[in-house]
Each structure stands twice: as C-alpha cells, then as structure tokens.
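Protein chains: 2
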Amino acid sequence: MTAARIDGKAVAAALRGDVADAAAVFTDRTGRAPGLATVLVGEDPASAVYVRSKGKATGEAGMASFSHTLPDTISEAELLALVDQLNADDRVDGILVQLPLPAHIDANRVIAAIDPAKDVDGFHPVNAGRLATGLDGLVPCTPLGCLHLLKQQLGSLAGKDAVVIGRSNIVGKPMAMLLIGESATVTVAHSRTRDLPDVVRRADIVVAAVGRPEMIRGSWIKPGATVIDVGINRVPAAEEGKTRLVGDVAYDEAAEVASAITPVPGGVGPMTIAMLLRNTVVAAHRRAGLPDPEGL
Amino acid sequence: MTAARIDGKAVAAALRGDVADAAAVFTDRTGRAPGLATVLVGEDPASAVYVRSKGKATGEAGMASFSHTLPDTISEAELLALVDQLNADDRVDGILVQLPLPAHIDANRVIAAIDPAKDVDGFHPVNAGRLATGLDGLVPCTPLGCLHLLKQQLGSLAGKDAVVIGRSNIVGKPMAMLLIGESATVTVAHSRTRDLPDVVRRADIVVAAVGRPEMIRGSWIKPGATVIDVGINRVPAAEEGKTRLVGDVAYDEAAEVASAITPVPGGVGPMTIAMLLRNTVVAAHRRAGLPDPEGL
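Residue numbers (our numbering), protein chains in the order written: chain F, 326 to 621; chain W, 326 to 621.
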C-alpha cells in the first residue's frame with residue numbers, strides 16, 4: 326500500500342477561504358473587521374517568523390492585525406498591563422501571546438490574564454476546562470487542525486482506535502479530548518509508555534506530537550491506519566551545512582503501510598495558522614452576540 | 326489467583342482521620358472550623374441520603390456543615406441567588422450542589438456560578454481546566470478517591486497501562502487526566518468502543534465507570550491487574566422483593582484473575598465522601614492563604 330498524502334496546505338487554503346468569507350460578512354454586518362493582536366517578547370528568530378506569518382495571514386483573510394513586539398527586558402507586570410489593555414480593546418477579538426516567554430515571566434500567569442473569550446490559542450484554563458467538559462469554548466489550533474484533517478479523511482471517527490503520542494497542554498491532551506468527543510477510543514501515550522511500538526500498532530488513527538525526529542517507524546503502523554504528524558524537527562540535510570524539516574514519523578516507511586499520512590512540511594503546519602484565523606473570526610462572532618459562522 | 330480485596334472503607338476511615346486532624350489545626354489557627362454547604366433541590370430519596378451522609382461526615386471531621394434543602398419548584402434564579410450568597414459567606418469553604426437538578430434548572434449554569442475556590446466537587450470548568458493543564462485546583466472526589474486507592478495499592482503508576490471505561494465529566498475524563506498526570510499510558514473506552522473486552526485485557530489498571538451492573542467480566546481482566554469499580558447498581562436479590570448493590574464489574578469472576586479489586590459496596594463509595602471532606606479542608610487552607618495540609 327502507498328498511503329494517500331494528506332495535503333494540509335490545500336485543506337488549510339480552503340479553510341482560509343471560508344474564514345475570509347465569514348470575516349467579510351462580519352465586517353459588513355458590524356462595521357469593523359475581526360481583529361487579532363499578536364504579542365512577541367524578545368527576538369527568538371523562529372517566534373518572529375511565526376508571528377510575522379500569522380500577521381500576514383490575518384490580513385489576507387480580511388481581518389485586522391495588531392502586532393506588539395516587546396524587548397525581552399520587559400517585566401511581567403508590563404506584559405500583564407498590555408494584556409489588560411488588549412482585553413479592553415473592542416477592536417481586538419483574539420489575543421495571541423507567542424510562546425516561549427523569557428524565563429523571568431510566568432507564562433501561566435500571562436495566559437490566565439487573557440480574556441477567555443479572546444483566547445484564540447485556547448490555552449486558558451477556562452477554555453481547557455470547557456473542552457474537557459464538552460462546553461463551547463476556544464480550542465487549541467494545532468489539535469483542532471489535526472481533527473479537521475482526520476474528519477475530512479475519515480468522516481466519522483466513532484469507534485476508531487486512536488493513539489495520541491505526547492501529553493502536552495498544547496497538543497496531546499486537547500487532541501485526546503477532541504477525539505473522545507468524536508467517540509473514538511483514545512489512548513494517550515508518552516515518554517513513560519512501556520511498549521510504544523505495540524501501542525501504536527493497535528491504532529487506526531495515530532497522532533504524533535513528541536518532537537523527536539522520525540521516532541515513529543513504519544513497522545509500528547497498523548496497515549491502513551491514518552497518520553497525523555504534528556512534529557516539525559530540523560535535522561542536517563544530505564548536503565553539508567544544510568538542514569531540512571522532518572516530522573516525528575519516518576514518512577517514507579510509514580507511507581508504505583498507512584492508508585493516509587500528513588507530510589512535513591505541508592501537513593499539520595498550515596492547518597495551525599488556518600485554525601488561528603478560524604478561532605479569531607469565531608471569537609469575533611461570539612463577542613458580537615452573533616451565531617458561529619456556518620461550517621467553521 | 327484470588328485478588329486482594331481493596332478495603333475502601335478502611336482507607337477512607339484513615340483519610341477521614343487525617344482530614345479531622347487538619348481541620349482541628351485549621352480551627353486552632355484561624356478561630357473557625359472549615360465549612361461545607363450542601364444544597365439539595367427536591368426530594369429524590371437517593372440524593373437526600375447522600376446529602377445527609379455528607380453532612381454527618383462533615384460534622385464527624387470537626388467541620389461546620391450548612392445544609393440547604395429547597396423545593397423542586399424553586400427557580401433557577403433563586404438557586405443562583407443562593408449560590409451567590411454561599412460564595413460570599415466567609416464561613417463556607419466548600420459548596421456542594423447535589424446533582425441531578427430538576428429539568429427546568431440548567432445544571433451547567435449553576436456549577437459555573439460556584440466560586441471555583443469553593444467548588445469542592447471539582448465540576449467547575451475552571452477546575453476541569455486546571456486539572457487538564459496540570460495546575461493546582463479542586464479535583465472531582467470520585468476519581469481522586471480512585472487514584473488514592475491505586476497509589477496505595479501500586480505505589481508509582483508510571484508506565485502502567487490503564488483503561489478507564491466511561492467518559493463522563495464526573496468520573497471518566499478527570500480520571501484519565503489524573504492517570505496521565507501519574508505517567509500511566511491511559512486509554513479512555515466507552516459505549517462506542519469496538520472491542521471492549523480486548524481493550525480491557527491489555528490493562529494493568531482498570532477503572533470501570535459505566536453504570537451497567539456486572540458488565541465487565543472476569544474473562545476480560547488481564548491476570549494480575551488492579552480493578553477499581555466505580556459502579557453502584559441496584560439489582561434484584563435472590564430473595565424475592567429484595568435488592569442488592571453490585572458494581573460494573575462481575576466481582577467474583579474478576580477476583581479470580583485480578584491481583585486486587587474494590588468491592589461494591591465498601592470500595593470506591595466511601596472514598597468519595599472522604600475526598601469531599603479532604604477537598605473542603607484543602608479549600609479552607611487555600612482560601613485562608615495557608616499551605617495545603619501535609620499528606621492530603
């Protein structure tokens with residue numbers, strides 16, 4: 326078997342089109358565009374790239390973008406004051422504080438300061454709790470993107486055996502909650518799992534979010550499984566001095582066995598930004614007392 | 326093999342002793358006893374029994390008990406007003422609204438109105454989110470009691486394969502989160518799971534919370550597994566007109582295979598009330614700005 330390559334870029338482009346449509350309707354209806362505020366502290370180059378591409382995508386979707394870049398000498402109190410200001414700013418529907426933050430700032434405290442209604446990253450404990458208890462809230466973008474790809478590929482997930490590898494607050498645990506909500510039988514595996522290959526081998530759905538390059542081998546994959554690779558790892562390329570991106574799954578091996586698999590790059594990555602835009606336009610609607618835009 | 330019978334009654338009694346000690350120290354230190362307010366709406370006899378035994382246990386632990394019994398004709402607004410009053414009452418450290426509530430009252434709205442710091446049932450979305458993201462909060466009593474029994478029986482749970490059968494907000498999902506926090510490999514199974522016997526057969530730890538009498542058979546249990554039975558089901562007894570309580574697990578069969586198992590009654594049940602008292606005394610300490618009592 327050679328697996329179908331799940332084209333996250335194409336799915337994300339379609340989703341971004343839907344978001345742009347919803348944003349246009351919202352702007353017509355309320356007289357203002359949905360707005361996303363990004364906060365970048367310090368000069369981590371990867372973070373700067375992420376924030377820039379988020380800002381660009383926001384503009385392309387017809388939404389307003391408010392970009393705040395602060396030196397890494399800023400105090401926690403100053404950052405919290407900025408969050409308060411963004412909470413109070415009616416033009417701002419979504420607030421994204423790019424992680425990681427400098428060590429002298431307590432990221433949990435900053436996340437907890439964001440108005441849950443504007444927490445488009447879905448990291449606030451209130452949103453984690455709403456997800457865990459089946460209430461409407463804002464869901465972290467990466468697992469939401471993974472779920473979208475899975476449902477596009479498989480339709481109903483009810484009764485399927487799913488394994489989530491990784492138990493982070495950002496991917497693993499919310500992914501598990503989403504899959505339980507779709508009535509999959511869900512196993513959460515992680516670094517302490519005893520026989521990971523055996524656990525993975527049971528699964529119809531594998532979501533890998535461990536951050537270890539090509540750790541999950543083709544021989545671990547159940548024939549016909551659907552594989553979602555959240556990992557983005559930079560490794561040395563064949564050509565000296567160059568690097569390339571690989572996932573947490575050994576793609577070529579797994580593609581021999583799986584029925585469908587996401588590539589890295591071009592799989593989950595583009596979905597994360599698309600879901601950030603989706604969350605922002607949904608947050609705008611809820612804040613304005615409007616029903617969620619259809620199909621998003 | 327004949328399994329050890331996990332004596333939840335004895336473990337709960339020891340825990341209640343520790344809670345009483347902590348309550349006495351708290352009372353000495355602050356000049357007031359930790360207080361639990363219970364709210365019972367309507368006359369469901371089972372609910373009335375639960376609430377009464379909770380009040381009794383509270384008194385026995387040297388804590389103050391405030392009991393509110395309301396007719397089932399009360400409006401949602403009246404119930405919310407009572408919750409507000411209890412939130413504002415400084416003598417009250419814990420608020421327990423007995424579920425189920427009458428159909429004309431939105432239980433989610435009532436739970437969300439409880440101050441999370443007094444939410445000793447751990448049902449508020451903020452507490453569910455704190456549990457899901459690894460922050461300190463108040464954890465639902467039944468899964469917390471199950472975890473206590475498991476750790477007493479097994480010591481470290483790291484790397485063990487655990488299956489939680491049931492995905493309720495009250496037991497299944499918080500149980501899964503607690504077990505993930507203990508580094509077990511956790512599978513959440515439920516009514517849509519395809520081959521439940523096979524899923525259960527993999528598990529070193531089985532937590533059954535489905536509410537179906539003796540559904541889980543001995544032949545499903547992995548030899549040497551530890552079985553925690555959350556179910557409390559009333560079924561007809563051999564003697565005509567009488568009833569008896571059974572769990573979700575076929576006890577006699579499972580006890581032939583497991584290494585340890587909780588009976589019904591006398592297993593998880595007594596732990597739930599003990600953990601309610603534990604949560605109340607912990608909430609009292611946190612509200613007073615004191616460190617959590619040691620060992621609780």
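Think of the CB as a built atom: it goes at the ideal place given N, C-alpha and C, for glycine as much as any other residue.
Asked: Give me the Cα-Cα distance between GLY462 (chain F) and HIS449 (chain W), rounded to the nearest whole angstrom.; Found: 14 Å
Asked: Using a threshold of 9 Å, state whether the C-beta atoms of VAL555 (chain W) and GLY491 (chain W) are closer than that.; Found: yes
Asked: When you compare only the Cα positions, how much space is there between LEU503 (chain F) and LEU469 (chain F)?; Found: 8 Å
Asked: For a cutoff of 9 Å on Cβ pairs, would you count VAL513 (chain W) as touching chain F?; Found: yes
Asked: Are GLY447 (chain W) and PRO425 (chain W) touching if we call contact CB-CB under 9 Å?; Found: no
Asked: Would you please state the rounded distance, in angstroms, between the beta carbons of ALA632 (chain W) and HIS393 (chain W)? I believe it to be under 8 Å.; Found: Given a span of 326 to 621 for chain W in the structure shown, any question on residue 632 (chain W) remains unanswerable.
Asked: List, from N- to C-terminal side, the alpha helix (DSSP H) runs of 4 residues or more that fit wholly inside the stretch 387-424 of chain W.; Found: 401-413
Asked: What is the rounded straight-line gap between the Cα of GLY333 (chain W) and the Cα of LEU570 (chain W)?; Found: 16 Å
Asked: Given ARG357 (chain F), which residues of its chain have a CB within under 8 Å of its CB, disregarding the five upstream and five downstream residues?; Found: ALA389, ARG416
Asked: Can you tell me the Cα-Cα spacing of THR605 (chain W) and GLU619 (chain W), whole angstroms?; Found: 14 Å
Asked: Classify ALA550 (chain F): buried if its beta carbon has 16 or more other beta carbons within 10 angstroms, exposed otherwise.; Found: buried
Asked: Leaving aside the five residues before and after ASN412 (chain W) along the sequence, list all residues of the same chain whose C-beta is less than 6 Å from its C-beta, in chain order.; Found: ASP440
Asked: By the 10 Å Cβ neighbour count, where 16 or more other Cβ atoms means buried, how is GLY384 (chain F) classified, buried or exposed?; Found: exposed
Asked: Three-state secondary structure (DSSP) at GLY360 (chain W)?; Found: strand
Asked: Helix, strand or coil for ILE541 (chain W) per DSSP?; Found: strand
Asked: Kindly confirm or deny that the stretch 529-547 of chain W and the stretch 573-582 of chain W touch, where touching means at least three C-beta pairs closer than 8 Å.; Found: yes
Asked: How long is the line joining the alpha carbons of ASP369 (chain W) and THR510 (chain F), rounded to whole angstroms?; Found: 34 Å
Asked: Determine the closest residue to ARG542 (chain F) out of F:ASP523, F:ILE557, F:ARG559, F:VAL560, with distance taken between C-alpha atoms.; Found: F:ASP523
Asked: Mapping the DSSP letters down to three states, classify LEU570 (chain F) as helix, strand or coil.; Found: strand
Asked: Output the residue ranges of the alpha helix (DSSP H) runs that lie fully inside the stretch 422-460 of chain W and measure 4 residues or longer, sorted by chain position.; Found: 432-438, 450-458
Asked: Which parts of the stretch 554-616 of chain F are runs of the alpha helix (DSSP H), unbroken and 4 residues or longer, counting only runs that do not cross its ends?; Found: 576-580, 593-612
Asked: Rounded to whole angstroms, what is the Cα-Cα separation between PRO396 (chain W) and GLU403 (chain W)?; Found: 11 Å
Asked: Of all Cβ atoms in chain F, is any one closer than 9 Å to the Cβ of ASN433 (chain W)?; Found: yes
Asked: Rounded to the nearest angstrom, how far is the Cβ of ALA609 (chain F) from that of PHE351 (chain F), given a contact under 8 Å?; Found: 6 Å
Asked: Identify the continuous alpha helix (DSSP H) that holds ILE505 (chain W) and give its terminal residues.; Found: 497-506
Asked: Looking at the unbroken alpha helix (DSSP H) that takes in ALA371 (chain F), where does it start and where does it end?; Found: 370-385
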